[in-house]
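Chemist:
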Amino acid sequence: MKESKSALLVGVGGQGAILTAKVLVNGLMKAGYDVKMSEVHGMSQRGGSVSTQVHWGEKVWSPVIGKGAADIIVAFEKMEAVRYADFLKPDGVAVINDYEMASSSIAAGLCEYPEGCLEAMQKHYRCLVLNAEKIAENLGNAKCMNIVLFGGMVKALHMDDIDWEAVIAETVPAKFKELNLQAYRAGYAAV
Amino acid sequence: MDKVLLSGNEAIARGAYEAGARMCSAYPGTPSTEIFENLPQFKDALYCEWAPNEKVAVEVAYGACIAGARSLCAMKHVGLNVAADPVFTAAYNGVNAGMVIVTADDPSMHSSQNEQDNRHYARAAKIPLVEPSDSQECKDFMKEAYKISELFDAPVLFRTTTRVSHSKSLVALGEREEKEITPYVRNPGKFSCTPALAYRNHPKVEKHMKELEEYGNTCCLNKMEIRGHKVGVITASIAYLYAKDVFPEDTSFLKLGLTNPLPMKLIKDFASQVEKLYVIEELDPFMEEQIKAAGIDCVGKELTGNLYEFNPQLLKERLFGEKPQAPDLGVAAVSRPPALCPGCPHRGFFYTMSRHKNFIVTGDIGCYTLGGAAPLNAADTCVCMGGGFTVGMGIAKTLALTGDPRKVFGVVGDSTFFHSGMTGAAEIIYNKGNMVPVVLDNSITGMTGHQDNPGSGKTLQGEIAEKLRIEKILASMGYEFIQIVDPQDLKAMDEAVVKAAASEVPAAIVVRRPCLLIKGIKHDIGKCVVDTDKCIGCKSCLRVGCPAILVENKKARIDQNQCVGCTVCAQVCPKGAITRKE
Numbered sequence: 017m018k019e020s021k022s023a024l025l026v027g028v029g030g031q032g033a034i035l036t037a038k039v040l041v042n043g044l045m046k047a048g049y050d051v052k053m054s055e056v057h058g059m060s061q062r063g064g065s066v067s068t069q070v071h072w073g074e075k076v077w078s079p080v081i082g083k084g085a086a087d088i089i090v091a092f093e094k095m096e097a098v099r100y101a102d103f104l105k106p107d108g109v110a111v112i113n114d115y116e117m118a119s120s121s122i123a124a125g126l127c128e129y130p131e132g133c134l135e136a137m138q139k140h141y142r143c144l145v146l147n148a149e150k151i152a153e154n155l156g157n158a159k160c161m162n163i164v165l166f167g168g169m170v171k172a173l174h175m176d177d178i179d180w181e182a183v184i185a186e187t188v189p190a191k192f193k194e195l196n197l198q199a200y201r202a203g204y205a206a207v
Numbered sequence: 006m007d008k009v010l011l012s013g014n015e016a017i018a019r020g021a022y023e024a025g026a027r028m029c030s031a032y033p034g035t036p037s038t039e040i041f042e043n044l045p046q047f048k049d050a051l052y053c054e055w056a057p058n059e060k061v062a063v064e065v066a067y068g069a070c071i072a073g074a075r076s077l078c079a080m081k082h083v084g085l086n087v088a089a090d091p092v093f094t095a096a097y098n099g100v101n102a103g104m105v106i107v108t109a110d111d112p113s114m115h116s117s118q119n120e121q122d123n124r125h126y127a128r129a130a131k132i133p134l135v136e137p138s139d140s141q142e143c144k145d146f147m148k149e150a151y152k153i154s155e156l157f158d159a160p161v162l163f164r165t166t167t168r169v170s171h172s173k174s175l176v177a178l179g180e181r182e183e184k185e186i187t188p189y190v191r192n193p194g195k196f197s198c199t200p201a202l203a204y205r206n207h208p209k210v211e212k213h214m215k216e217l218e219e220y221g222n223t224c225c226l227n228k229m230e231i232r233g234h235k236v237g238v239i240t241a242s243i244a245y246l247y248a249k250d251v252f253p254e255d256t257s258f259l260k261l262g263l264t265n266p267l268p269m270k271l272i273k274d275f276a277s278q279v280e281k282l283y284v285i286e287e288l289d290p291f292m293e294e295q296i297k298a299a300g301i302d303c304v305g306k307e308l309t310g311n312l313y314e315f316n317p318q319l320l321k322e323r324l325f326g327e328k329p330q331a332p333d334l335g336v337a338a339v340s341r342p343p344a345l346c347p348g349c350p351h352r353g354f355f356y357t358m359s360r361h362k363n364f365i366v367t368g369d370i371g372c373y374t375l376g377g378a379a380p381l382n383a384a385d386t387c388v389c390m391g392g393g394f395t396v397g398m399g400i401a402k403t404l405a406l407t408g409d410p411r412k413v414f415g416v417v418g419d420s421t422f423f424h425s426g427m428t429g430a431a432e433i434i435y436n437k438g439n440m441v442p443v444v445l446d447n448s449i450t451g452m453t454g455h456q457d458n459p460g461s462g463k464t465l466q467g468e469i470a471e472k473l474r475i476e477k478i479l480a481s482m483g484y485e486f487i488q489i490v491d492p493q494d495l496k497a498m499d500e501a502v503v504k505a506a507a508s509e510v511p512a513a514i515v516v517r518r519p520c521l522l523i524k525g526i527k528h529d530i531g532k533c534v535v536d537t538d539k540c541i542g543c544k545s546c547l548r549v550g551c552p553a554i555l556v557e558n559k560k561a562r563i564d565q566n567q568c569v570g571c572t573v574c575a576q577v578c579p580k581g582a583i584t585r586k587e
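Those protein sequences? They're chains A and B, same order as listed.
Per the numbering used here, the very first residue in the first sequence carries number 17; after that it's consecutive.
Per the numbering used here, the very first residue in the second sequence carries number 6; after that it's consecutive.
1) Please state the DSSP three-state secondary structure of B:Pro208.
2) Just confirm the distance between the C-beta atoms of B:Val61 and B:Gly348, as a whole number of angstroms; I'd bet it's less than 8 Å.
3) Just curious, the alpha helix (DSSP H) that B:Tyr313 is in, first and last residue?
4) Would you please state the rounded distance, in angstroms, between the beta carbons of B:Val366 and B:Ala379? I believe it to be under 8 Å.
5) Between the C-alpha atoms of B:Val490 and B:Ser37, what's the straight-line distance to the nearest angstrom?
6) Whose C-beta lies closer than 7 Å to the C-beta of A:Leu213 among residues of the same chain, with five residues either side of it excluded?
7) Give me the chain B residues within the contact set of A:Asp102, using Cβ-Cβ distance strictly less than 8 Å, ordered along the chain.
8) Taking C-alpha atoms, which residue in B:Thr167, B:Tyr22 and B:Arg518 lies nearest to B:Asp49?
9) Expressed to the nearest angstrom, what Euclidean distance is found between the alpha-carbon atoms of A:Val28 and A:Gly64?
10) With DSSP run on the structure shown, which of helix, strand or coil describes B:Asn58?
11) Who are the Cβ neighbours of B:Thr395 in its own chain at under 7 Å, not counting the five residues just before and after it?
12) Taking only heavy atoms of the ligand NAP into account, decide whether any of them is closer than 8 Å to the Cβ of A:Ile122.
13) CB-CB under 8 Å to B:Ala241, same chain, minus the five flanking residues each way: which ones, in chain order?
14) Going by C-alpha to C-alpha distance, which of A:Glu55, A:Val56, A:Ala97 and A:Asp50 sits closest to A:Glu74?
15) I'd like the span of the beta strand (DSSP E) that includes A:Val109, first residue to last.
16) Going by beta-carbon coordinates alone, are B:Ala96 and B:Ala130 separated by less than 9 Å?
17) Closer than 9 Å, CB to CB, is A:Leu40 near chain B or not?
18) Using a Cβ-Cβ distance cut-off of 9 Å, determine whether B:Thr167 contacts chain A.
19) When you check each C-beta in the segment 104-135 of chain B against every C-beta of chain A, which residues fall closer than 8 Å?
20) Just checking my contact of A:Asn113 with A:Lys94 at CB under 8 Å: how many whole Å lie between their CB atoms?
21) With a 10 Å radius around its C-beta and 16 neighbouring C-beta atoms as the bar for buried, classify A:Gln31 as buried or exposed.
22) If you drop the 5 nearest sequence neighbours on each side, which residues of the same chain put their C-beta closer than 8 Å to that of A:Arg99?
23) Under the rule that 16 or more other beta-carbon atoms within 10 Å means buried, what is B:Leu381, buried or exposed?
24) Please identify the residue among A:Ala118, A:Met161, A:Ile178 and A:Ala123 whose C-alpha is closest to the C-alpha of B:Cys574.
25) Mind checking whether B:Arg411 and B:Phe354 have CB atoms under 9 Å apart?
26) Apart from the five residues on each side of it in sequence, which residues of its chain come closer than 6 Å, Cβ to Cβ, to A:Cys127?
27) Do we get a CB-CB distance below 9 Å when we pair A:Trp180 with the residues of chain B?
28) Can you tell me the Cα-Cα spacing of B:Glu230 and B:Gly460, whole angstroms?
29) Residues of chain B with CB closer than 7 Å to the CB of A:Gly82, please, in chain order.
30) So with CB distances below 7 Å, who are the chain B contacts of A:Asp114?
31) Counting only beta-carbon atoms, is A:Ser60 nearer than 9 Å to chain B?
32) With a CB to CB cut of under 6 Å and the five nearest residues on each side skipped, what residues in its chain are close to A:Ser60?
33) Between B:Ile475, B:Gly376, B:Val83 and B:Lys235, which lies nearest to B:Glu120 when the distance is taken from Cα to Cα?
34) Taking a cut of 9 Å between CB atoms, which residues from the segment 112-145 of chain A lie near chain B?
35) Using the Cα positions of B:Pro342 and B:Leu202, report the straight-line distance between them to the nearest angstrom.
36) For chain B, find out if any of its Cβ atoms is closer than 9 Å to the Cβ of A:Arg99; answer yes or no.
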């Protein structure tokens, strides 16, 4: 791979985007890539919008990407896809969780959740949409939603040359291994 | 050895370990916190602690270096404001063993109250400044920083930014170099900062800085990469990585890791080898102004600007006018600000204060800063650590001048109380402040991710410690009417603030309930549900500002994934439509 690639994972604090990025990074490292990632901690833990970036290739410099530079965006919440859409390359792909979380400003009655997030994204970008929450709930635990989305991401990026199941098994806590493997397969099959 | 993926902060901890650091003291603050969270793994080789504040941390680390141990402290950028006093004096007195002070700046203010550029501190205090770009450098430069500290008899300022501290990249580890503690020898002629000594020390400091500048011209932290003679870039810190992504292959770089004092001979040599010279740095034109003052023509801030953090695409746009095109989606995301968690003990206090329009609340730094956000809107000010008490004092004294009857409640958290709230509590008693200090005691340093403090009963190294009781400290200062309240009981909370406001004797309130996110203690978790037949859609429950409550089809709904059953919303519902199911 001559050109480097970059991914942006966006969601709401507590949705598990950082663990997902960790699985991605562990797999890329195993495959021998130079990898850099950047995440923002701090106040974003408290229900705020969060983003994690991963940049990989033979040699990469910046851990951070700007607008128009992401090959893929994985949105754990559909309004967050809209918020970060301008980070996508024109030919980039968005994997979007068809899942809605009100923000604290919506809960406070200050504004309303915007209509048509998915449709707007689909009109302008290549999108793979899945209801990861429902898939995760059907597997018995809504918390594995992040790995469901990761399954969709792997398919979208055509990264099948890496043994992701082995990477997931090594990265997630042992007692959630089976659940997360099922989540990965279900997410892969769903898009 | 295989490379491992480390954040900048993890790598700094590792670097301190490898450099033989023995004594480490810090106060948590984003984005610096993980440095010290990653030190206890080396506790067989070094001592590490959370100090009550940054000034204490620097003083402890400085004392350790006087006594002959390589020492470390770390803080966020504004923490260095708190710690500045001993730093400036340590610069004059010098060190015995190496001392490194890490400052983690926060361009773009991801979780800070300002965007100050702490490189200026190094210049003002006349101490060496080391700036790494990635995690490998975070580790390797620590070793160099200790070397420089000992060679030039000065504490070293080691500056990162949020992106250096929180980005992860691959690091090749090294072995620890054991540094024996040199036996302590009494030396007041060096370490006692009398005016006469300071008078003698200033020329010594100026001389050391001259020598350090000379050292910087050849030291391994500063490196020249000549790839062509058309364009050259002088850069440091994370901006180096962005610039490497942005400039063409035939661009030459002068990558600086030792940035105070600037190696002007090296810079002149580099500048003479290129036709066009750029200086790429985030925030202030720290290097650029000095380079221009040395008579070297260069381009920088007129293109890149002083504001916020960079990224490669932003630099491309500002330097070369390449603007990425994005389609107009026709729909916009609404803001998603951070909020107090469902079940947060601060909610009950701030909801109570929001119902009293004649109360003024002076807030402080921590999770409870969020009590000032909508819909609670229950804080008038937030200035700095400890300011909750003392800014309130100034307001209360001024209100008294005009006979304004509004009552001031000054608010700090438990960790902030130990940090710099105690001096404010003394000020209020001593100078007869007509206000009520309130400590929101959630038993932990919350916002930075749960660090222990003098009230939590545990140390950074996991040992059981004396648990300082806030109410006892307040009582010993002279507060005669101290109420301890559970904020989740809204009736009791309201009674407490009303009584405190009316008190004839000095009153204080300790609002006590542990943060729900603390592991290892039993929390009372349940779920609240709305009886939609009883709900009249009045939205009273929305006024508590809980992320778990929504209104759908004109009725309240509680997200069962988020609710923890604190019942604050149930207590404000006028129709009794919300109940807790066990």
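We treat Cβ as the ideally placed atom computed from N, Cα and C, and that holds for glycine.
Modeler: On the basis of the data shown:
1) For this step, residue 208 of chain B is matched to residue 203 along the second sequence. If DSSP states are grouped into helix, strand and coil, B:Pro208 belongs with the helices.
2) For the purposes of this step, residue 61 of chain B is identified with residue 56 of the second sequence, where counting begins at 1. For the purposes of this step, residue 348 of chain B is identified with residue 343 of the second sequence, where counting begins at 1. With 8 Å as the limit, B:Val61 and B:Gly348 do not qualify as a contact, their Cβ atoms being about 32 Å apart.
3) Locating residue 313 of chain B in the second sequence gives position 308, counting from the first residue. Here B:Tyr313 belongs to no alpha helix (DSSP H), and DSSP marks it neither H nor E.
4) In the second sequence, the residue the question calls residue 366 of chain B occupies position 361. In the second sequence, the residue the question calls residue 379 of chain B occupies position 374. Contact flag wrong, Cβ pair sits at about 15 Å.
5) If you number the second sequence from 1, residue 490 of chain B lands on position 485. If you number the second sequence from 1, residue 37 of chain B lands on position 32. Answer to the nearest angstrom: the Cα atoms are 33 Å apart.
6) This structure leaves residue 213 of chain A out entirely; chain A is present only between 17 and 207.
7) In the first sequence, counting from the first residue as 1, residue 102 of chain A sits at position 86. Chain B residues near A:Asp102: Pro329 and Ala331.
8) Position 44 of the second sequence holds residue 49 of chain B. Residue B:Tyr22 is the option with its Cα nearest to B:Asp49.
9) Mapped onto the first sequence, residue 28 of chain A falls at position 12. Mapped onto the first sequence, residue 64 of chain A falls at position 48. Approximately 6 Å between the Cα atoms of the pair.
10) Working through the second sequence from its first residue, we reach residue 58 of chain B at position 53. Three-state DSSP puts B:Asn58 in coil, outside helix and strand.
11) The residue you call residue 395 of chain B lines up with position 390 of the second sequence. Contacts found: Gly429 and Glu432.
12) For the structure depicted, the ligand NAP is absent and the ligand set is empty, with no information on it obtainable.
13) Here residue 241 of chain B is taken as the residue at index 236 of the second sequence, counted from 1. Glu136, Ser138, Lys260, Leu261, Gly262, Thr264, Glu286 and Met292, listed in sequence order.
14) Here residue 74 of chain A is taken as the residue at index 58 of the first sequence, counted from 1. Checked all of A:Glu55, A:Val56, A:Ala97 and A:Asp50; the closest Cα to A:Glu74 is A:Asp50.
15) Against the first sequence, residue 109 of chain A aligns to sequence position 93. Note, A:Val109: beta strand (DSSP E), Leu104 to Asn113.
16) Sequence index remark: in the second sequence, residue 96 of chain B carries index 91 (1-based). Sequence index remark: in the second sequence, residue 130 of chain B carries index 125 (1-based). For B:Ala96 and B:Ala130, yes; Cβs fall inside 9 Å.
17) As a first step, residue 40 of chain A is located in the first sequence; it is residue number 24 there, counting from the start. For A:Leu40, the answer is no, since every Cβ of chain B falls outside 9 Å of its Cβ.
18) The count along the second sequence starts at 1 and reaches residue 167 of chain B at position 162. It does; some Cβ of chain A falls within 9 Å.
19) His115 and Ser116
20) The residue labelled residue 113 of chain A in the question sits at position 97 within the first sequence. The residue labelled residue 94 of chain A in the question sits at position 78 within the first sequence. Yes, A:Asn113 and A:Lys94 are in contact; Cβ-Cβ is about 7 Å, under 8 Å.
21) Residue mapping note: residue 31 of chain A aligns to position 15 of the first sequence, counting from 1. Buried: at least 16 other Cβ atoms inside 10 Å.
22) Taking the first residue of the first sequence as 1, we reach residue 99 of chain A at position 83. Counting only Cβ-Cβ distances below 8 Å, and skipping sequence neighbours, we find Val26 and Ser65.
23) Mapped onto the second sequence, residue 381 of chain B falls at position 376. Classification of B:Leu381: buried, given that the 10 Å Cβ count is 16 or more.
24) Here residue 574 of chain B refers to the residue found at position 569 when the second sequence is read from its first residue. Per the Cα distances, A:Ala123.
25) Within the second sequence, residue 411 of chain B is the residue found at index 406, counting from 1. Within the second sequence, residue 354 of chain B is the residue found at index 349, counting from 1. No, the pair does not count as a contact, with Cβ atoms beyond the cut-off.
26) Taking the first residue of the first sequence as 1, we reach residue 127 of chain A at position 111. The residues are Ser121.
27) In the first sequence, counting from the first residue as 1, residue 180 of chain A sits at position 164. No, no contact with chain B.
28) Working through the second sequence from its first residue, we reach residue 230 of chain B at position 225. Working through the second sequence from its first residue, we reach residue 460 of chain B at position 455. For B:Glu230 and B:Gly460, the distance between alpha carbons rounds to 52 Å.
29) In the first sequence, residue 82 of chain A corresponds to position 66, counting from 1. Simply Asn316, Pro317, Gln318 and Leu319.
30) If you number the first sequence from 1, residue 114 of chain A lands on position 98. Neighbours of A:Asp114 on chain B: none; closest Cβ ~15 Å, over 7 Å.
31) Against the first sequence, residue 60 of chain A aligns to sequence position 44. Model confidence at A:Ser60 stands at a pLDDT of 46, short of 50, so the residue's coordinates are unreliable; what they give is reported in the following sentence. True, the Cβ-Cβ gap to chain B drops below 9 Å.
32) Mapped onto the first sequence, residue 60 of chain A falls at position 44. The predicted position of A:Ser60 is uncertain, since its pLDDT is 46 and thus under 50; a value taken from the coordinates is nonetheless stated next. These residues qualify, in order along the chain: Gly29 and Val66.
33) For the purposes of this step, residue 120 of chain B is identified with residue 115 of the second sequence, where counting begins at 1. The candidate whose alpha carbon is nearest that of B:Glu120 is B:Val83.
34) Met117, Ala118, Ser119, Ser120, Ser121, Ile122, Ala123, Ala124, Gly125, Leu126, Cys127, Glu128, Tyr129, Pro130, Glu131, Gly132, Cys133, Glu135, Ala136, Met137, Lys139, His140 and Tyr141
35) For the purposes of this step, residue 342 of chain B is taken as the residue at position 337 of the second sequence. For the purposes of this step, residue 202 of chain B is taken as the residue at position 197 of the second sequence. Their backbone Cα atoms lie some 52 Å apart in a straight line.
36) Position 83 of the first sequence, counting from 1, holds the residue named residue 99 of chain A. Yes, its Cβ sits closer than 9 Å to a Cβ of chain B.
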